[in-house]
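Let me begin by presenting the structure, written as structure tokens, before commenting on it.
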Amino acid sequence: MTVGEGRVAGWRRELVDAVDRVLTGPVKGGDGDWRSLGQASRLPGDEPGWWLLDLRAGDRVPSADSFDQLCLADKDGPDNGTSFPVERVQVADGLLKIKVDGVLPDGCDRVWTVRLTPRHLWLKLRDGIAGLDEAPMADRLAAGRLDPLPTARGHDYPPGFLPAQQAAYRTCTEPGLHAVWGPPGTGKTRVLARAIEDLVKKGRRVLLVSTANIAVDNALKEVIKNLPTDQGQVIRVGPPHLPELAADDDVQLQRLAARTTAEVDAELADVRERLVRLERVETRIAALDVDLADYDHTVYARSVERIDRRTELARLEQDRPELERQHRAAEDALYAASLEVADVDGELHRVEPQRQLLGRAAELTASLRAADDDLRRVRERVAGAAFDAARTRGVFARRKANKVAEQSRRQGNIEERRIAAHRAAVEAELDHIRSAVQVTLADLHRLDQRSADANAVYRLRHSELTGRQQALDALNGRCGWLVDQGIADEWDDEMVAWARARNLPARHEERSRLQDLQRSATRDRPQWENRLRELNKKITKLRRDAEGEIVANARVVATTLARSRAHPAVAREKFDVVLVDEAGAALLAEVLLAVGRATRTAVLLGDFLQLGPVTGDIEKIDHAGVRKWVKPDVFTHCGILAPADVGANAGAVALLRQFRFGPNLRQLANDVIYGVLEDGTSKPDTEIVIVDVSGLPDLGVVHRSSTYAGWWPVGALVARALAQHHVTDGDVGVVTTFKQQAEATLAAVRDVGPDFVVPVGTAHSFQGREFDTVVFDLVEDGQGWISKASTNRGDFEYNAVRLFGVAITRARHRLYLIVNSRVAVKHAVGNSPLGAVRRLAQAGRIQWVRAGALLGMADEHDYKPVSSVEAELHDVLRGLVDVTDIEDEFAFKETLANSLSKARRSVWMWSPWVGKHSKRFMPLIADAVARGVDVRVFTREDKDFIQSKDTNQLWIQALKDTGARIIRARLEHKKIVVIDEQVVLIGSLNSLSHGVSREVMLTCRGSAFAKRLLAELRAAEFVDPLVCTRCRAEMELHRSGDRKRGTPYFWRCSLCGNDVPVPAARA
């Protein structure tokens, strides 16, 4: 129990108890953990950073109030992986658009959110009521007491306001608790916007809330046209619906708060860039791993080595002839040199005696010169002795000197004779030699020089030959080694060519380099990821703190009712004025909490004749407090249930002049539910067009999911085609009575392509919106909800009236009603919606077109349009739906044969009977099974009157022999073929037993529609028939209207009667 709960008394205590009772029931919710919404895709465009997530693919499309925090992260989520905060958000028609600044790592493409679950919102509602202090407005509302309207004196009204609008304006600008009844198109948004503008100028703080996100945006868009928003005076809390508000940084609370975290944002960007770089490395390595999965670099390198050896061997072999030629030339040159040496040696040997004689002659000549020298010395000695004797004085000395001189002379004569004899002998020998010698010393010198030259050339030629031999030996050795190491063959060539064609060696080198980088960077990754999470948490906290300050200083706060209590900054604020738009669609409890924040003025604006609040599972809760304080809407609580009650209540204003649609649709709206609407201005009439689906085959059969709810294929196809046709003329909305039809139509719309976005949903999701063209698919064959609609019966029937009223009043220019007119409209009576349509049609104010003609199923030879609208649409829509017009059995046989031959994954066939006309398709089915196609055939049970015939049994056996799986279903009458969950053939032709009657089959292409059709037919649930536990026979699928509602299907054994129920399909 909170501190405030001890002071809670009276109605607040009862309401808290009621919410506690709701919380003990089947309220969905969690503990506020991060949840993945799905994988987003980048939006193309000039401005980067935008991502798109299509939320329409799920069973339940989350609303804008479902999201608290949003981020983009990898598959591990924000708590365990890498995440980045969302900077901008827009939620519209099931499409979530988000913007994340900067470059993101690969794989960070999943949108994660902390959901605002129903349980969380109920808890916030409980805490808010329990924490209310003085709340006089809420006290008066709890008592069901509105304050009297303020007087009209002294007011300066906005120009152009009608008296009723002036009164509504006063309720917003003057003190008190009041109510404004504003049916569609009566100017409620205009009044709101101008009142808020004037309230701000007077210094008042305003809280604008609504159940509808678009209603908040519509009012706020008008407000900011005349109010400054640069200082956060006007703020939008929560993701907007309108793109212009999503782009307005001066209005979006999230963007205003983001301005306070610039410094942390910069650090976050730096950390993100580091992680992006690492992620890119890892992503690139992963991609290279895939590319190199079949590549062995070692094998490649060895092949390259063998190819290189083969190339070198080829080059060496190419050089071999030249080396061998040079070797032979060197041998020839050496041989020539050796011949020269031999010739010179022979000449030297021949002249050797002459050389010796010349040598003797030289010796003799030298001997003659020596004899001459001896003779000269002898004569000088004799002359010297005679000279000495002649100069000697004294007899004795002279005698002695003469004696010596005489002895010297005699000795001299002896020596001269000896020398003369020697000389004569030498000269004689010289003369003999001279006569014998025939060469000169010059000749010998020249011969010696020639010998030296010849030997030098010989040595050179020998050296050259040795070099040539060595080169040739080296070549032979290298070639032998290359061959021994291995030479490339064709496999090596193919392997290298394959690798190089795919650039695999370079990729291998790149991977090796990146792996080195990765090893060094991986060490730091945990640190940066932790820092990233810390910064994200810091930014979230700083921005939440900043949001509190921004909200506290804002003059106008616009948000949804749910977010007004879920956002802490808004939930703790008080406001001078609280304006609750679409109050009739809100739970009383949540309006009480919103009004409890008003200190001066509270206004409840809405339309009690439209759909009330969605109570869901709480409708089943039997609790007095829940019935009193939770389930009702505020108008019911205040006793305003009909138009007359507005005039009787002194605190309520009625806006009755409408400006949205023309007199035609205004008349229908009055006849159905309003009764008091008036035309505001003269404007072109709104065309009302009945699209009649009567006379169609299975296309127009309603597939019931309960007693009244269901869907039909024709509605999805026609609605999609009409939307495609009108989307260029203006905005288009497709409204359906049941969510099953909305899902089927949405599947068909999504098959057009990602750029084709058209709002599709039930009437609840369209409250507060308007469109140039509305396609209202009633899913009505005379047995549906709208056929039961009535204003003077129970709540179920009355809510059908309200639903019809919501749907038709969304249109501005044209309204389409898809319905089986033959059984639903023509037989409608009384004051029912379809009765009003019938009366208007009888008055000629509604045009009529045939769905078959629009889909190209009319006989073109005799075709005549039944209305100007049919003439307009006939040719256009045929180009938007792929139709096969079957005139005889042969045309369809060709279509089915082509479809079976192209099947690659699955074939689903619903054929009540199997007969001889299936003969052509048996080989095609067998071929499909052989190539792995899963073929399933639903046909009637063996005891069926036609199926039990011997010939039919033979063809059933032939079908079994193809390998197709047969599911026997009692009273099976659908004629449908689905190929690869992409192509649907649907119509009145029995594909495996058709005779010669003229039938039609419609061919639709699109995976979303095909999958939706299979889901609605519960094909996957019935794909494998059960085996009876008693007699082991294969059981048959039965359906009985007598069985408990919600479980119409069961398996039955045809032998022993054993029944096994099939669980009900999920609603």
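The sequence shown begins at 0 in numbering that gives the first Met the number 0 and counts up one residue at a time.
We put the beta carbon where it would ideally sit given N, CA and C, even for glycine.
- Tyr299 is classed as buried because its beta carbon has at least 16 other beta carbons within 10 Å across all chains shown.
- In this structure, Ser990 sits near Val976, with a CB-CB distance shorter than 8 Å.
- Contact between Pro238 and Phe66 holds: CB atoms are separated by about 7 Å, below the 8 Å threshold.
- Counting C-beta atoms within 10 angstroms of its own C-beta, Tyr168 has 16 or more neighbours from the protein chains shown and is therefore classed as buried.
- Counting only unbroken stretches of 4 or more residues, the alpha helix (DSSP H) elements lying wholly within the segment 123-164 are 135-141, in sequence order.
- Distance check between Val824 and each of Asp293, Ile845, Trp10 places Ile845 closest, using alpha-carbon atoms only.
- Put simply, of Ser563, Gly834, Glu686 the residue whose alpha carbon is nearest the alpha carbon of Asp771 is Glu686.
- The DSSP assignment places 33-38 as complete runs of the beta strand (DSSP E) inside the segment 12-43, in order along the chain (cut-off: 3 residues).
- Rounded to whole angstroms, the gap between the alpha carbons of Ala653 and Leu608 is 12 Å.
- Here Met921 is not bridged, per DSSP, to any residue.
- Nearest to Cys1052 by alpha-carbon distance, out of Val982, Gly1005, Thr1002, Ala968, is Ala968.
- Boundaries of the beta strand (DSSP E) harbouring Arg964: 964-967, taken from the DSSP string.
- Residue environment for Arg349: exposed (fewer than 16 other C-beta atoms within 10 angstroms of its C-beta).
- The alpha carbon of Leu115 has as its nearest neighbour, out of Leu291, Ser563, Tyr334, the alpha carbon of Ser563.
- In this structure, DSSP gives Leu654 a state outside helix and strand, which the three-state scheme calls coil.
- Arg656 has its alpha-carbon roughly 21 Å from the corresponding atom of Val800.
- In this structure Ala178 is not in contact with Leu676, their Cβ atoms being roughly 18 Å apart against a cut-off of 8 Å.
- Counting C-beta atoms within 10 angstroms of its own C-beta, Leu640 has fewer than 16 neighbours from the protein chains shown and is therefore classed as exposed.
- In the structure shown, the three-state DSSP call for Gly175 is strand.
- Two segments are said to touch when three or more pairs of C-beta atoms, one from each, lie closer than 8 Å; by this definition the segment 330-345 does not touch the segment 416-433.
- A contact is defined here as three or more CB-CB pairs under 8 Å, and the segment 110-126 fails this definition with respect to the segment 574-582.
- The three-state reading of DSSP puts Ser789 in coil, since its state is none of H, G, I, E or B.
- Look at Thr938 here: in three-state DSSP terms it is strand.
- Restricted to the segment 172-251, the beta strand (DSSP E) segments that are unbroken, complete and at least 3 residues in length are 175-180, 205-209, 233-235, listed in chain order.
- Here the alpha carbons of Gly914 and Leu970 stand approximately 17 Å from one another.
- At a cut-off of 3 residues, the continuous stretches assigned as beta strand (DSSP E) that sit fully inside the segment 820-855 are 846-849.
- Here Val569 is not near Ala597, since their CB atoms are 8 Å or more apart.
- In this structure, Leu356 is the residue among Leu274, Phe660, Leu356 with its C-alpha nearest to the C-alpha of Ser434.
- Each of Asp100, Leu1012, Val733 was checked against the Cα of Arg271, and the nearest Cα belongs to Asp100.
- Fewer than three beta-carbon pairs drawn from the segment 469-485 and the segment 374-384 are found closer than 8 Å, and the two stretches are therefore not classed as touching.
- Here the C-alpha atom of Lys200 lies approximately 44 Å from the C-alpha atom of Thr736.
- Between Val222 and Val233, the C-beta spacing is below 8 Å.
- Inclusion of Leu42 and Leu36 in the CB contact set at 8 Å is not warranted, their separation being larger than that value.
- DSSP, read as helix, strand or coil, puts Arg930 in coil.
- Burial of Arg467 is indicated by the presence of at least 16 other C-beta atoms within 10 angstroms of its C-beta.
- A Cβ-Cβ separation of about 21 Å leaves Pro642 out of contact with Leu587 under the 8 Å criterion.
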